[in-house]
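Enquirer:
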Amino acid sequence: MKFDSKTIYAQSSDIKSRTYLEYRRDMKKKAIAELEVKKWLEKLLQKEYQSNKITVEKYGGDKFLWFLRGGGVTQASDYIVKGMSENEIFIELQYANEEMTCYDFKRSKVGIKKKGIPKRIPKDNLKFLYLIQSLPKYAMLSPDWIIKCGTEKVSAAWGSREVYAIKNEDLATQQKEDKELEKIWSTINIKNRLLEFQHQKIEKIKEELSYLLQQIIDEEKIVQIIPKSLESFFRICFILDSIGKIPKNANLWLIYVLHFFNENPTSEELTKIIYSVDFLYSKTSLTQSGLKTFADFLKQVLSNIKNFQQNDGSYKTNKNLSPIEETRNMIFCINLLEDLIQDILYYYPEESQNFGLKPIEKIFENVGSIEKVYEFITSN
């Protein structure tokens, strides 16, 4: 599996002490906002420049994948704007609460340092889209304006990095209103709630299986023997993931776990399968035939999950499981499945052309009636 050398540098500082799934959850928060805002931003620019030819695309290291298995982020902008009469422009998205006394912009993103010149030179063809969280307010700022109006300081919130701090009242002079942002923020907030809701499954698993981690005697032994039941397979994958070990013949383990999938799994069974699949997939490199089998599996599981959703937004697979836990399990599975689809399309671009997998355009797009799901979760 290939890695992007431009992003590897940030792995240790970016992941820090988080587990891999925690890292992915955290990386996904801004990606949710970026993907929800993208279409609105495109319409805004088309109206401003009076041209339907203008398009907005994601850009940089996360233009297709909101996390990278090697960790890290790039300095590239969030969006690229095409179809304008002048050169392409890039847009950086930032947002914060209205209560902030000042808003920080990382100096390295705003301007370029040149020898002999005390102040940074504003970057060309770059704009900053600043949103006020949960409010229909936005500001489109130029690097030149930020440098002129900003105060240079070191910000702890940016990892003790140098920033330009813009006062609240100064930013207010650049703000405009757009009621469409109310709906966008509502969706962003719902999806962030779903993100935390499904991640609670990991905490529950940790609590349930913590005793197993305390009983590990021979780490070398558990990486060699393929468990025969789904429960044992899942537990071993959880242990290996927790202690940072990789099974021998990980390819074989991955193909083997797919055989536990049937047309009518319970949400608990499906959760254990998808967790194991996600863990093993990231530790191996697949052949063309293996990729085809894997892609077919992803499509089949997503199709099954859609059939499990009820009219009230909940999910149901088994009468013995509570609706709220069934729903948590299904959102957990969808979360990982969307990651896997993006990952396979990103890391195997040529091989995956004929797999019939469609890129994920918005996170949790495979959750049907997302407002109903949110209402069900909050009412339970």
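By this note's numbering, the letter at position 64 of the sequence shown is numbered 44, and the numbering carries on one by one without gaps. The beta carbon of each residue, even a glycine, is placed where N, CA and C say it ideally should be. Quantities reported herein were computed from a predicted structural model and do not represent experimental measurements.
1. Confirm, please, whether the CB-CB distance from I146 to L106 is below 9 Å.
2. Please check the pair Y326 and F44, which I expect to be a contact at CB under 8 Å, by giving their CB distance rounded to whole angstroms.
3. DSSP state of F240, grouped into three classes?
4. Distance check for N148 and K133, CA to CA, integer angstroms please.
5. Return yes when the C-beta of V36 is under 8 Å from any heavy atom of the ligand ATP, and no when it is not.
6. In whole angstroms, what is the alpha-carbon distance linking K272 and S332?
7. Under the rule that 16 or more other beta-carbon atoms within 10 Å means buried, what is K163, buried or exposed?
8. Helix, strand or coil for L73? Go by DSSP, reduced to three states.
9. Are the beta-carbon atoms of K86 and E142 separated by less than 9 Å?
10. Around the C-beta of E351, are 16 or more other C-beta atoms found within 10 angstroms, so that it is buried, or is it exposed?
11. I need the straight-line Cα distance from I226 to S190, nearest angstrom please.
12. Looking only at C-alpha atoms, which of A11, I69 and R4 sits nearest to L25?
13. Tell me which residues share the same chain as Y59 and place their Cβ nearer than 6 Å to its Cβ, disregarding the 5 neighbours each side in the sequence.
14. V90 and I112 - do their beta-carbons sit closer together than 9 Å?
15. Could you tell me which residues DSSP puts in a beta bridge with K62?
16. Can you give me the C-alpha to C-alpha distance between V353 and D323, rounded to a whole angstrom?
17. Compute the Euclidean distance between the alpha carbons of F108 and L151, then round it to the nearest angstrom.
18. Using a Cβ-Cβ cut-off of 6 Å (strictly less than) and excluding sequence neighbours within five positions of S31, which residues of its own chain qualify?
19. Around the C-beta of P339, are 16 or more other C-beta atoms found within 10 angstroms, so that it is buried, or is it exposed?
20. What would DSSP say about E68, mapped onto helix, strand or coil?
21. Answer yes or no: do L317 and L266 have a C-beta to C-beta separation smaller than 9 Å?
22. Flag this pair as yes or no: are the beta carbons of E66 and P116 separated by less than 9 Å?
23. According to the Cβ coordinates, are F240 and E249 closer than 9 Å?
24. In the DSSP assignment, what residue or residues form a beta bridge with C82?
25. Could you name the residues that DSSP lists as bridge partners for K156?
26. Kindly indicate which three-state DSSP category T296 falls into: helix, strand or coil?
27. Express the C-alpha separation of R5 and S262 in angstroms, rounding to a whole number.
28. So for F288, helix, strand or coil by DSSP?
29. Take C217 and list the residues in its own chain whose beta-carbon comes closer than 6 Å to its own, dropping the five residues that flank it on each side.
30. Between which two residues does the alpha helix (DSSP H) harbouring T358 extend?
31. CA-CA distance, I101 and K95?
32. Please classify N315: is it buried, with 16 or more other beta-carbons within 10 angstroms of its beta-carbon, or exposed?
33. In angstroms with no decimal places, state the Cα-to-Cα distance between K62 and S212.
34. Can you tell me whether DSSP reads L174 as helix, strand or coil?
35. By a C-beta neighbour count over all protein chains shown, 10 Å radius and 16 as the cutoff for buried, is P98 buried or exposed?
36. Using the Cα positions of G293 and E243, report the straight-line distance between them to the nearest angstrom.
Expert: This is what the structure holds:
1. no
2. 5 Å
3. coil
4. 16 Å
5. Because no ligand of any kind appears in the structure shown, any question about the ligand ATP cannot be addressed here.
6. 8 Å
7. exposed
8. strand
9. yes
10. exposed
11. 19 Å
12. I69
13. V36, Y39 and I71
14. no
15. T35
16. 26 Å
17. 12 Å
18. none
19. exposed
20. coil
21. no
22. no
23. yes
24. K147
25. Y118
26. For clarity, residue 296 is Lys in the given sequence; the question names Thr instead. Residue state, collapsed to three classes: coil.
27. 16 Å
28. helix
29. S256 and F259
30. I350 to S359
31. 11 Å
32. buried
33. 51 Å
34. helix
35. exposed
36. 21 Å
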